[in-house]
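Each residue of the first sequence is one higher than the one before, counting from 73 in our numbering. Scroll down for the structure; my scribbles are underneath it.
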Amino acid sequence: MPELPEVETITKYLNKHISGKTITDVLVLSKKQFPQDPRLVIGAKIESVNRRGKSTIICLSNTKAMIVHLRMTGQLIFMKGIFNRYETGKQIPLSGGSELPGKSTRVIIVLDNGKLFFNESRKFGAIRIAEDVGADKEISKLGPEPFNKEFSIDYLKNVLKRTAKPIKALLLDQEKIAGIGNIYASEILFDAKINPNRSAKSLCEKEIKKLFNSTLSILREAIGYGGSSASDEAYIKPDGARGLYQNYARVYQRDGKPCRKCKSLVKRVVIGGRGSFYCPSCQKY
DNA sequence: CTGCGGTCCTGAAGGC
DNA sequence: TGCCTTCAGGACCGCA
73 MPELPEVETI
83 TKYLNKHISG
93 KTITDVLVLS
103 KKQFPQDPRL
113 VIGAKIESVN
123 RRGKSTIICL
133 SNTKAMIVHL
143 RMTGQLIFMK
153 GIFNRYETGK
163 QIPLSGGSEL
173 PGKSTRVIIV
183 LDNGKLFFNE
193 SRKFGAIRIA
203 EDVGADKEIS
213 KLGPEPFNKE
223 FSIDYLKNVL
233 KRTAKPIKAL
243 LLDQEKIAGI
253 GNIYASEILF
263 DAKINPNRSA
273 KSLCEKEIKK
283 LFNSTLSILR
293 EAIGYGGSSA
303 SDEAYIKPDG
313 ARGLYQNYAR
323 VYQRDGKPCR
333 KCKSLVKRVV
343 IGGRGSFYCP
353 SCQKY
């Protein structure tokens with residue numbers, strides 16, 4: 073699913089390829105995924121594409137912005153030029169087939185240099201138009217960005233000591249830290265050698281320091297690999313290529329397989345209603 | 001404040 | 001083969 077590293081990969085790509093382009097049309101195939109009036113953005117120029125947490129923020133020349141949240145199965149695919157499948161010769165390996173628009177295409181944003189497809193099979197994700205991104209209901213509640221200096225060992229210490237929630241659940245809390253989802257929460261905890269069920273406030277200073285460092289190093293590594301595109305994950309890059317992190321995952325979806333470090337079998341447990349993966353030997357309670 | 005369970009939604013996987 | 005059930009999950013909401 074698209075978490076910070078995946079959305080970072082998407083926004084970097086789009087910022088490079090669609091900044092400066094003009095929105096000539098918006099085709100809304102599913103109103104729920106684009107509930108506002110498309111005329112609010114048609115004719116506007118894209119100034120930049122940025123990320124905040126797991127949201128893609130497309131800043132427009134008319135002082136508005138489009139906020140895209142991909143939830144679990146969302147994709148943003150960019151096809152340069154005017155095309156159909158016979159003309160392009162380019163097969164895009166989408167999860168639901170190789171054609172665009174596909175079965176899960178919900179919105180097509182037409183630009184003067186190509187088309188941006190918003191695919192979302194589950195229909196949980198959506199695009200909304202905001203006048204003031206900072207005031208947006210979801211964006212305004214987000215905690216610090218992991219790569220921002222606001223996120224520090226001291227900050228983490230303060231947040232952790234306030235709650236007895238399992239540390240895994242806390243890492244997923246977007247109000248505490250923005251951008252971590254189910255894949256990287258498990259991966260970070262493995263790297264930090266912390267059991268996902270440990271109460272947040274039970275972590276000692278040394279563990280908090282390790283957790284901080286693991287958060288940054290795992291996210292940085294995942295960005296380097298262009299995110300994670302396991303077979304059952306919808307995420308692919310805007311050019312249709314797959315991310316590579318799944319080949320290097322330590323524990324995520326590796327239950328029953330040997331731990332890469334100690335060969336014990338990786339376990340799956342449910343924490344806060346979500347599947348969580350860990351090595352019972354490397355991450356003792 | 002916390003935590004729990006239901007809600008949205010669809011495709012994949014499992015059972016018979 | 002094919003139908004039916006179950007499950008997964010990010011964020012939110014109502015309830016205890």
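Where a beta carbon is used, it is the ideal one built from N, C-alpha and C, also for glycine.
- Bounds of any alpha helix (DSSP H) do not take in tyrosine 307, whose DSSP letter is neither H nor E.
- For lysine 282, same chain residues with a beta-carbon under 6 Å away, outside a window of 5 residues either side, are Ala264 in chain order.
- Inclusion of lysine 278 and leucine 232 in the CB contact set at 7 Å is not warranted, their separation being larger than that value.
- In the DSSP annotation of this structure, threonine 96 is not part of any alpha helix (DSSP H); the continuous beta strand (DSSP E) holding it starts and ends at 95–100.
- In this chain, the beta strand (DSSP E) harbouring lysine 187 covers 186–192.
- By the CB criterion at 7 Å, threonine 128 and aspartate 184 fall outside the cutoff.
- In the DSSP assignment, lysine 229 falls within the alpha helix (DSSP H) that extends over 225–233.
- Linking phenylalanine 219 to arginine 234 through their CA atoms gives a straight-line distance of about 22 Å.
- In this structure, the CA atom of leucine 275 is about 29 Å from the CA atom of glutamate 210.
- Per DSSP, reduced to three states, the secondary structure at lysine 152 is strand.
- Per DSSP, the continuous beta strand (DSSP E) segment holding lysine 339 begins and ends at 339–343.
- Judged by pairs of C-beta atoms under 8 Å, the stretch 77–87 touches the stretch 112–121, as three or more such pairs exist.
- By the beta-carbon neighbour count (other beta carbons within 10 angstroms, threshold 16), asparagine 267 is buried.
- According to the DSSP assignment, arginine 124 belongs to the beta strand (DSSP E) that extends over 118–124.
- If you draw a 10 Å sphere on the C-beta of alanine 236, you find fewer than 16 other C-beta atoms in it, and that means exposed.
- Out of His141, Val179, Ser224, Glu217, the CA that lies nearest to the CA of aspartate 208 is found in His141.
- Looking at the backbone, the Cα of methionine 144 and that of serine 193 are separated by about 9 Å.
- Between valine 182 and methionine 151, the alpha-carbon positions lie close to 10 Å from each other.
- According to the DSSP assignment, phenylalanine 284 belongs to the alpha helix (DSSP H) that extends over 277–296.
- Rounded to the nearest angstrom, the gap between the Cα atoms of arginine 346 and leucine 337 is 20 Å.
- Nearest neighbour of cysteine 351 by Cα position, chosen from Leu316, Ser303, Leu261, turns out to be Leu261.
- Excluding five sequence positions before and after glycine 298, the CB atoms of its chain that fall closer than 7 Å to its own CB belong to Thr81, Lys309, Gly315, Leu316, given in chain order.
- Non-local beta-carbon contacts of asparagine 230 in its own chain, meaning distances under 8 Å to residues more than five positions away in sequence, are absent.
- Pairing lysine 240 with serine 353 gives a Cβ-Cβ distance that is not under 7 Å.
- DSSP places serine 258 in the uninterrupted alpha helix (DSSP H) bounded by 254–263.
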